[in-house]
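So the structure is just underneath, and the comments pick up after that.
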Amino acid sequence: AQSVTQLDSQVPVFEEAPVELRCNYSSSVSVYLFWYVQYPNQGLQLLLKYLSGSTLVKGINGFEAEFNKSQTSFHLRKPSVHISDTAEYFCAVSDQGGKLIFGQGTELSVKP
Amino acid sequence: NAGVTQTPKFQVLKTGQSMTLQCAQDMNHNSMYWYRQDPGMGLRLIYYSASEGTTDKGEVPNGYNVSRLNKREFSLRLESAAPSQTSVYFCASSRAGNYGYTFGSGTRLTVV
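Just so you know, the protein sequences line up as chains V and Z, in that order.
As numbered in our numbering, residues 2 to 113 make up the first sequence, in order.
As numbered in our numbering, residues -12 to 99 make up the second sequence, in order.
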């Protein structure tokens, strides 16, 4: 069975600093990987996805993620965060049928 | 605006009461999903519908039923609400394959 582990439940960071949100997955088959963002009291919005091809994926709002098959990781990065990036971030893996399995979420808190 | 619409946005129920959460999408997506979100647990799949006329259980189906009324609408019913069903419920839809989901804005349900 597939599973997703987000290694940090909370990540505090100062504005304009770089950030990395860590995600590891387990799967015995080819996977499709996603990062979603949830702003307070809103639904989830797709940040980026890896389906195939280049292992470095660029998304919206300056975020990017790198697929590492050997380490079964899909970490999310941003070189310089803004206050407006404060949100909860979810990593997800898709099975062959298209259903998403989500990690527990990481709360990113950007401080001035 | 195109997307996924959920109603109601908020609801308070007494233990034992029943209710139906409504979800509609206007993107002509084949697949629809119901998730619940609880603190520290990410999103867990309750039920899904891969296509019109089919429904299947997800990870946490107990206490819920669903109806795929047509291609646009997918409702979630709580027959006898319990305090453990206090949660935020999200509906989502997707095209066939692994394109990711479009989420509704959620229903915050409290069972007292």
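Backbone N, C-alpha and C fix where the C-beta goes; we use that ideal spot for every residue, glycine too.
Here the structure is a predicted model, which means the values were calculated and not measured.
I'd like to check one pair, residue j with residue i: are the Cβ atoms closer than 8 Å?
| i | j | result |
| --- | --- | --- |
| threonine 107 of chain V | valine 12 of chain V | yes |
| valine 99 of chain Z | valine -1 of chain Z | yes |
| alanine 66 of chain V | leucine 52 of chain V | no |
| threonine 73 of chain Z | serine 80 of chain Z | no |
| alanine 69 of chain Z | glycine 45 of chain Z | no |
| valine 5 of chain V | glycine 104 of chain V | yes |
| threonine 87 of chain V | valine 58 of chain V | no |
| leucine 32 of chain Z | tyrosine 22 of chain Z | yes |
Using a beta-carbon distance below 8 Å, is residue i in contact with chain V?
| i | result |
| --- | --- |
| leucine 96 of chain Z | no |
| serine 54 of chain Z | no |
| alanine 37 of chain Z | yes |
| serine 74 of chain Z | no |
| glycine 40 of chain Z | no |
| glycine 3 of chain Z | no |
| glycine 50 of chain Z | no |
At least one CB of chain Z closer than 8 Å to the CB of residue i: is that the case?
| i | result |
| --- | --- |
| lysine 59 of chain V | no |
| serine 10 of chain V | yes |
| glycine 99 of chain V | yes |
| lysine 70 of chain V | no |
Whole angstroms are fine: how far does the CA of residue j sit from the CA of residue i?
| i | j | result |
| --- | --- | --- |
| glutamate 21 of chain V | glycine 3 of chain Z | 44 Å |
| cysteine 92 of chain V | tyrosine 26 of chain V | 9 Å |
| leucine 109 of chain V | tyrosine 34 of chain Z | 29 Å |
| glycine 60 of chain V | serine 71 of chain V | 22 Å |
| cysteine 10 of chain Z | glycine 54 of chain V | 34 Å |
| tryptophan 36 of chain V | phenylalanine 64 of chain V | 10 Å |
| phenylalanine 15 of chain V | asparagine 17 of chain Z | 42 Å |
Pull up the CB-CB distance for residue i and residue j, whole angstroms please, since I reckon it's below 8 Å.
| i | j | result |
| --- | --- | --- |
| valine 38 of chain V | leucine 48 of chain V | 5 Å |
| glycine 44 of chain V | phenylalanine 61 of chain Z | About 15 Å; that fails the 8 Å criterion. |
| threonine 94 of chain Z | glutamine -7 of chain Z | 5 Å |
| cysteine 24 of chain V | serine 95 of chain V | At roughly 13 Å, the Cβ-Cβ gap does not stay under 8 Å, so cysteine 24 of chain V and serine 95 of chain V are not in contact. |
Show which residues of chain V have a CB atom less than 7 Å away from the CB atom of residue i.
| i | result |
| --- | --- |
| phenylalanine 90 of chain Z | Gly44 and Leu45 |
| serine 18 of chain Z | Gly99 |
Mind pulling the chain Z residues with CB within less than 7 Å of residue i?
| i | result |
| --- | --- |
| lysine 112 of chain V | Chain Z residues near lysine 112 of chain V: none, gap ~22 Å exceeds 7 Å. |
| phenylalanine 75 of chain V | Simply none; closest approach about 14 Å. |
| leucine 104 of chain V | The residue you asked about is not leucine; residue 104 of chain V is glycine in the sequence shown. By Cβ distance, chain Z contributes Gly29. |
What residues from chain Z crowd round residue i, counting only those whose CB sits closer than 9 Å?
| i | result |
| --- | --- |
| phenylalanine 91 of chain V | Gly29 and Leu30 |
What in chain V is Cβ-close to residue i, meaning under 9 Å?
| i | result |
| --- | --- |
| phenylalanine 77 of chain Z | Gly44 and Leu45 |
So with CB distances below 8 Å, who are the chain V contacts of residue i?
| i | result |
| --- | --- |
| serine 81 of chain Z | Gly99 |
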